[in-house]
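What follows is one structure encoded as structure tokens, with my remarks underneath.
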Amino acid sequence: MQIRVYYEDTDTGGVVYHSNYLNFCERARSEVFYERGLTPILENGHFVARRVTGDFFSSAKLGDLLEIKSELIAMKAASFVLKQFIYKEDVKIFELEIVLAYITFEGKVQKIDIKTKELLQSIFNQLKL
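Letter 11 of the sequence shown, counting from 1, is numbered 18 in this note's numbering, and no numbers are missing.
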């Protein structure tokens, strides 16, 4: 998925503010559902971030066109692990590893049902680097 850096994404110097890299990755995760006529809120629940680890390699600036790529790393009983990469002109500038836990609408952790696991695997395996 491509994202253009707008003024609202930057600090006063035109450099992308650090937390916006997380927002860009979130948009890319959501967009894979929307592209398939779905939403990230599924029939039996939805996913929330349990752990996030990010590495910054270089900065993006106002006007840059960024490419966000995602790779499914692991599927667990009640969560899955994704790596996401942000590139600027084929140079990796940010890497994120996120654990997303599956919860009920009441906020309780639940096992990921087979149908949802298959959906996630089909979506994110197609996006592999």
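Quick reminder that beta carbons are idealized off the backbone N, C-alpha and C, glycines included. In this text the structure is predicted, and so the values were computed from the model without any measurement.
By Cβ distance below 7 Å, which residues in the same chain neighbour residue i in space, the five residues on each side in sequence not counted?
i    : result
Y2   : The chain is shown from 8 up to 136; residue 2 falls before or after that span and cannot be answered.
G21  : K68, L69
K118 : A84, A85
Does the Cβ of residue i have 16 or more other Cβ atoms within 10 Å, making it buried, or fewer, making it exposed?
i    : result
G52  : buried
L72  : exposed
T111 : exposed
Y24  : exposed
T19  : exposed
Secondary structure at residue i, three-state DSSP: helix, strand or coil?
i    : result
S129 : helix
R43  : coil
I121 : helix
E15  : helix
Y28  : helix
M8   : coil
E50  : coil
E113 : coil
Based on the DSSP output, what are the partners of residue i in its beta bridges?
i   : result
D62 : E102
E96 : Answer by DSSP bridge pairing: none, since E96 is not bridged.
Cutting at 8 Å between CB atoms, please list the residues of its own chain near residue i, excluding the five before and the five after it.
i   : result
S66 : V22, V23, I100
Taking contact to mean at least 3 C-beta pairs separated by less than 8 Å, is the segment 37 to 46 in contact with the segment 103 to 120?
-> By the C-beta criterion, the segment 37 to 46 is judged not to be in contact with the segment 103 to 120, since fewer than 3 inter-stretch pairs fall below 8 Å.
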